[in-house]
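Throughout, the working numbering is defined as the position within the sequence shown, counted from one, plus 161.
Comments concern the structure below.
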Amino acid sequence: MHRRVRLLNVDVDDVSMDDLVENFRQGIMLTLHVDMIMKLQKDREFYQLLPRFDVITCDSQILILAARLLGTPLTERVSGSDYFPRFYMRYRNDPSMTVFICGGRPGVAEVARRNINARAGREMVVGTNAPAPDYDRHPDQIERILAEINASGATVLLIGLGGARQEKFIFKYRHRLPAIKLFLPLGGTIDYEAESLKRPPAWVTNVGLEWLYRVVREPRQRWHRYFVHQPPFLYLLARQLMGVYRNPFADSPASMP
162 MHRRVRLLNV DVDDVSMDDL VENFRQGIML TLHVDMIMKL QKDREFYQLL
212 PRFDVITCDS QILILAARLL GTPLTERVSG SDYFPRFYMR YRNDPSMTVF
262 ICGGRPGVAE VARRNINARA GREMVVGTNA PAPDYDRHPD QIERILAEIN
312 ASGATVLLIG LGGARQEKFI FKYRHRLPAI KLFLPLGGTI DYEAESLKRP
362 PAWVTNVGLE WLYRVVREPR QRWHRYFVHQ PPFLYLLARQ LMGVYRNPFA
412 DSPASMP
């Protein structure tokens with residue numbers, strides 16, 4: 162069990178990257194960033210899933226600074242895009258760790274597959290699927306996704322279907338994916354591994370300006386996240402600092418596993 166830090170209505174695990182890579186081999190991860198924490202102020206269904214995650218990490222330099230302001234500092238930022246390459250390089254010689262990539266734009270997951278397998282030195286990624294944006298309206302597409310994951314024999318699912326959607330997919334269908342032991346809803350990590358999206362320099366991330374880098378590189382996809390969600394977060398953080406923040410779902414306790 163890790164020490165936990167309360168950020169608005171989410172308890173974040175104070176876990177280090179090294180600890181996570183070495184010891185988290187089975188379960189479901191959530192990497193928390195500002196866009197996601199704002200979804201958790203509005204999406205009751207998503208909020209009620211929180212106790213079912215095995216680990217919740219802080220994937221935002223802004224949230225790291227927020228925890229420090231609250232007097233409960235976190236050890237370090239643990240982002241999905243930093244964690245995943247360390248994960249597959251750590252287990253590149255472990256044949257029990259095989260990965261299925263579900264998500265990304267058409268063709269991107271396949272490029273990520275080739276890149277990861279080249280770096281790992283083996284066929285570690287054993288299958289991919291790039292669902293259509295409206296996949297959840299088509300039961301036949303969902304059945305095909307589940308069948309491909311099961312047929313691949315993968316034990317790890319890297320899934321990128323958009324914040325909250327990918328997590329809900331996991332909890333809805335995990336019972337139909339018996340071979341999957343580790344669920345990694347890491348979204349944009351697929352683009353980074355395919356190199357279709359370049360990572361910012363380390364200093365940009367370290368000073369908390371990755372959001373600006375992403376807006377410049379992907380203005381249409383990112384402006385809503387950073388210019389619509391971040392200002393309200395700062396307001397809610399100020400309320401938490403003053404001790405007057407109220408969980409919007411305080412009357413609806415999160416569901417247990």
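The C-beta atom is built at its ideal place from N, Cα and C for all residues, glycine as well.
Bear in mind that the values here come from a model prediction, so they are computed numbers and not experimental data.
- Rounded to the nearest angstrom, the gap between the Cα atoms of Tyr396 and Phe207 is 22 Å.
- Per DSSP, the continuous beta strand (DSSP E) segment holding Asn290 begins and ends at 286 to 290.
- Contact between the segment 171 to 178 and the segment 188 to 201 is established, with three or more Cβ pairs separated by less than 8 Å.
- Using a C-beta cut-off of 8 Å, the segment 290 to 306 makes no contact with the segment 232 to 240, since fewer than three inter-stretch Cβ pairs fall below that distance.
- Counting the other CB atoms within 10 Å of its CB gives Ala355 a total of 16 or more, which places it among the buried residues.
- Uninterrupted beta strand (DSSP E) stretches at least 3 residues long and entirely within the segment 295 to 365 occur at 317 to 321, 343 to 346, given in chain order.
- Sixteen is the threshold: since fewer than 16 other Cβ atoms of the shown chains lie within 10 Å of the Cβ of Gly188, the residue is exposed.
- Of Phe261, Ile217, Val166, Ala227, the smallest CA-CA separation from Arg400 is found for Ala227.
- With a minimum length of 3 residues, the unbroken runs of beta strand (DSSP E) contained wholly in the segment 183 to 217 fall at 188 to 193.
- Comparing alpha carbon positions, the residue from Pro409, Ala279, Tyr334, Asp180 closest to Met250 is Ala279.
- Considering only Asp204, Val176, Thr350, the residue with the shortest C-alpha distance to Ala411 is Asp204.
- Ranked by Cα distance from Thr316, the options Tyr353, Val260, Glu284 are led by Val260.
- It is roughly 10 Å from the alpha-carbon of Gly404 to the alpha-carbon of Leu231.
- The Cβ neighbour count for Ala308, taken over all protein chains shown within 10 Å, is under 16; the residue is labelled exposed.
- The three-state secondary structure of Leu226, taken from DSSP, is helix.
- The C-beta of Glu328 has 16 or more other C-beta atoms within 10 Å across all chains shown, which makes the residue buried.
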